[in-house]
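One structure below.
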Amino acid sequence: MRIHALRPGSSLQALSRHATQALYLCASLNPALAGLPHLMEYLWNYMITVWHPTSK
363 MRIHALRPGS
373 SLQALSRHAT
383 QALYLCASLN
393 PALAGLPHLM
403 EYLWNYMITV
413 WHPTSK
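The sequence shown begins at 363 in our numbering and counts up one residue at a time.
As structure tokens, then:
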């Protein structure tokens with residue numbers, strides 16, 4: 363049995379998409395959370411940039 367490591371280009375982006383979709387669903391159900399998906403998406407992208415900087 364093999365354990366596959368997360369690939370920043372594939373699994374991480376898929377996880378980000380699913381997390382964003384879940385946040386948008388929650389925000390659509392509760393207007394008080396309307397700004398949360400945008401904030402979380404910004405924070406997620408910031409963390410990805412800091413932890414996995416692109417090669418120059």
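The beta-carbon is built from N, C-alpha and C at its ideal position, and this holds for glycine as well.
Inter-residue spacing [alpha-carbon to alpha-carbon] between residue i and residue j
| i | j | result |
| --- | --- | --- |
| residue 412 | residue 405 | 10 Å |
| residue 409 | residue 390 | 25 Å |
Closest by C-alpha distance to residue i, when choosing among the options
| i | options | result |
| --- | --- | --- |
| residue 399 | 410, 379, 375 | 379 |
Coil, strand or helix - residue i by DSSP
| i | result |
| --- | --- |
| residue 380 | helix |
| residue 400 | helix |
| residue 392 | coil |
Cβ-based burial, residue i [other Cβ within 10 Å; buried from 16]
| i | result |
| --- | --- |
| residue 367 | Reliability fails at residue 367, whose pLDDT of 46 lies under 50, so the model's placement of it is uncertain and the value that follows must be treated cautiously. It counts as exposed. |
Residues near residue i in its chain [Cβ-Cβ closer than 6 Å; skip 5 each side]
| i | result |
| --- | --- |
| residue 403 | 382 |
| residue 386 | 399 |
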